[in-house]
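One structure is given here, and the rest of the page talks about it.
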Amino acid sequence: MKGRLQMSEQFSVHALRYAQSVGKRSSYFYGYHLSDQPDAEQHVDWYFWLLKSGNKTVLVDCGYDTDRAARKGRYVGTNPLELLSRMGVAAGDIDHVVISHAHYDHVGNIGLFPNAEFTLARSEFDWITGPYANRFPTCWVVEDEERTMIQNFARDGRFHFIDDRAEVLPGLMAWAVGGHTPGQMLVEIAATSGQVVLASDAAHFAEEYETDRPFSMFHNLEDLFAGYEQLRDLNGRTGTVVVPGHDPRVSRTFAEVEKDCFDLTSVIAPPVVHNNLERASR
Numbered sequence: 203m204k205g206r207l208q209m210s211e212q213f214s215v216h217a218l219r220y221a222q223s224v225g226k227r228s229s230y231f232y233g234y235h236l237s238d239q240p241d242a243e244q245h246v247d248w249y250f251w252l253l254k255s256g257n258k259t260v261l262v263d264c265g266y267d268t269d270r271a272a273r274k275g276r277y278v279g280t281n282p283l284e285l286l287s288r289m290g291v292a293a294g295d296i297d298h299v300v301i302s303h304a305h306y307d308h309v310g311n312i313g314l315f316p317n318a319e320f321t322l323a324r325s326e327f328d329w330i331t332g333p334y335a336n337r338f339p340t341c342w343v344v345e346d347e348e349r350t351m352i353q354n355f356a357r358d359g360r361f362h363f364i365d366d367r368a369e370v371l372p373g374l375m376a377w378a379v380g381g382h383t384p385g386q387m388l389v390e391i392a393a394t395s396g397q398v399v400l401a402s403d404a405a406h407f408a409e410e411y412e413t414d415r416p417f418s419m420f421h422n423l424e425d426l427f428a429g430y431e432q433l434r435d436l437n438g439r440t441g442t443v444v445v446p447g448h449d450p451r452v453s454r455t456f457a458e459v460e461k462d463c464f465d466l467t468s469v470i471a472p473p474v475v476h477n478n479l480e481r482a483s484r
């Protein structure tokens with residue numbers, strides 16, 4: 203991994219929770235049935251992230267579209283625009299959207315932000331527009347409507363594509379680690395409290411990188427584990443906080459400044475860390 207983030211610009215960083223759900227651990231963790239653990243409930247929170255500096259308002263991802271998500275049985279607790287309004291932000295205020303990856307729950311609302319430019323890993327764009335994008339399960343997690351919007355916005359010059367680690371804006375870095383999808387990105391932010399790393403779906407839950415327990419859906423398992431190694435290294439770095447993408451413990455760790463809006467620079471309770479000695483080696 204290349205050099206450290208420069209602190210030339212600092213952002214406030216908030217996780218905005220637009221939905222919650224409950225499933226089974228065997229549905230969320232790969233090979234769970236091979237473990238010696240009984241199945242149990244797995245709570246899932248659905249977030250996107252709001253970053254604000256002195257002159258930029260940025261989103262990392264933007265949640266899923268209500269109608270398209272309903273076809274998948276997903277429930278939206280709060281419209282993303284309502285969450286933004288709680289933070290004093292309107293759709294037209296968004297300058298930039300960093301898309302961590304192109305799954306429906308991360309790109310579903312890109313059409314809501316008329317003044318925004320977008321950043322995506324080039325490998326992700328190549329994947330969703332490639333010859334196998336219509337094969338299951340890719341066609342389930344990448345909606346035709348959203349792929350078309352991305353292609354149209356790219357033709358209009360609104361997309362920037364990352365081939366390597368890149369400074370998206372001063373104080374904001376992104377790079378692809380792959381694993382979950384070919385172009386799954388990590389986003390590192392120079393925050394008012396230090397560095398915040400948004401894992402998005404490179405690690406849905408902290409348990410993944412703390413114990414090397416892989417998520418159930420991935421493109422490349424070796425890349426997934428390599429991403430977990432990066433996240434462990436980053437999490438061990440002084441002044442850096444790693445935030446997993448769907449982990450309910452985010453809401454217990456950080457201050458809730460408005461309903462379902464959590465300040466990732468304000469820790470109220472250090473998280474309980476899963477024992478990394480439990481890392482599977484079977």
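Read the sequence shown against our numbering and you will find it ends at 484, with the numbers running on by one and no gaps.
Just so you know, even glycine gets a beta-carbon here, dropped at the ideal spot from N, CA and C.
As the structure is a prediction and not an experimental result, all values here were calculated from the model.
Close-in-space but distant-in-sequence residues of the same chain around residue i (CB under 7 Å, 5 per side omitted)
i: E458; result: F464
i: Y430; result: A405, E410, Y411 and D414
i: P384; result: S325, E326, W329 and H421
i: T485; result: Summary: the structure shown does not reach residue 485, with the chain confined to residues 203 through 484, and so no result is reported for it.
i: T280; result: Y220 and D462
i: Q353; result: T331
i: P434; result: A small fix is needed here, since residue 434 is Arg in this sequence, not Pro. Excluding positions up to five away in sequence, the list reads Y411.
Residues bridged to residue i (per DSSP)
i: S568; result: One cannot answer for residue 568 here, as it falls past the ends of the chain, which runs 203 to 484.
i: S402; result: P446
i: Q397; result: A392 and T442
i: W248; result: A221
i: T259; result: K254
i: F327; result: None; F327 has no bridge partner.
i: H298; result: V260 and E319
i: F456; result: V469
i: F231; result: F417
i: K226; result: E243
i: W377; result: L388
Nonlocal neighbours in the same chain, by C-beta distance under 6 Å from residue i, ignoring five residues either side
i: A436; result: Checking the sequence, you will find Leu at residue 436 rather than Ala. Once the five neighbours on either side are set aside, the close Cβ partners of L436 are V399, T442 and V444.
i: L426; result: G381, P416 and F420
i: V389; result: V262, V300, A376 and L400
i: H362; result: T321
i: I330; result: A304, V344 and R349
i: A323; result: I364, A378, G385 and M387
Buried/exposed call for residue i, threshold 16 Cβ in 10 Å
i: R349; result: buried
i: E326; result: buried
i: Y411; result: buried
i: D462; result: buried
i: H245; result: exposed
i: K204; result: Note that K204 has pLDDT 48, beneath the 50 cutoff, so the model's placement of it is unreliable and the number below is only indicative. Result: exposed.
i: Y277; result: exposed
i: R484; result: Confidence in R484 is poor, its pLDDT being 40 and thus under 50, which makes the residue's placement unreliable; the coordinate value appears in the next sentence. Exposed is the call here.
i: S418; result: exposed
i: Q239; result: exposed
i: L207; result: buried
i: D366; result: exposed
Rounded distance between the beta-carbons of residue j and residue i, thought under 8 Å
i: T455; j: V469; result: 6 Å
i: V505; j: T259; result: Residue 505 is absent from the structure shown; the chain starts at 203 and stops at 484.
i: A293; j: L283; result: 6 Å
i: Q212; j: T440; result: Wrong, their Cβ atoms sit about 17 Å apart, outside the cutoff.
i: K254; j: S214; result: 5 Å
Cβ-based neighbour list, residue i, same chain, cut-off 8 Å, excluding 5 preceding and 5 following
i: L479; result: Residue confidence for L479 is low, a pLDDT of 41 falling below 50, so the modelled location carries little weight and cannot support an answer.
i: A471; result: R454 and T455
i: S210; result: P372, G373 and A392
i: V379; result: Q386, M387, L388, A404, D425, A428, G429 and Q432
i: P316; result: A293 and G294
i: K226; result: D241, A242, E243 and Q244
Residue i Cβ short of 7 Å to the ligand GTP heavy atom set
i: V260; result: The ligand GTP is not part of this structure, which contains no ligands at all.
*Is the stretch 333-349 touching the stretch 215-234, taking contact as three or more C-beta pairs under 8 Å?*
Result no; under three Cβ-Cβ pairs closer than 8 Å.
*Validate contact between the stretch 447-454 and the stretch 389-406 using beta carbons, cut 8 Å, 3 pairs*: Touching, yes.
*Spell out a yes or no on whether the stretch 230-245 and the stretch 302-313 are touching, meaning 3 or more CB-CB pairs, one atom from each, closer than 8 Å.*
These segments do not touch.
_Validate contact between the stretch 255-270 and the stretch 305-319 using beta carbons, cut 8 Å, 3 pairs_ = Under the Cβ criterion (8 Å, minimum of three pairs), the stretch 255-270 counts as touching the stretch 305-319.
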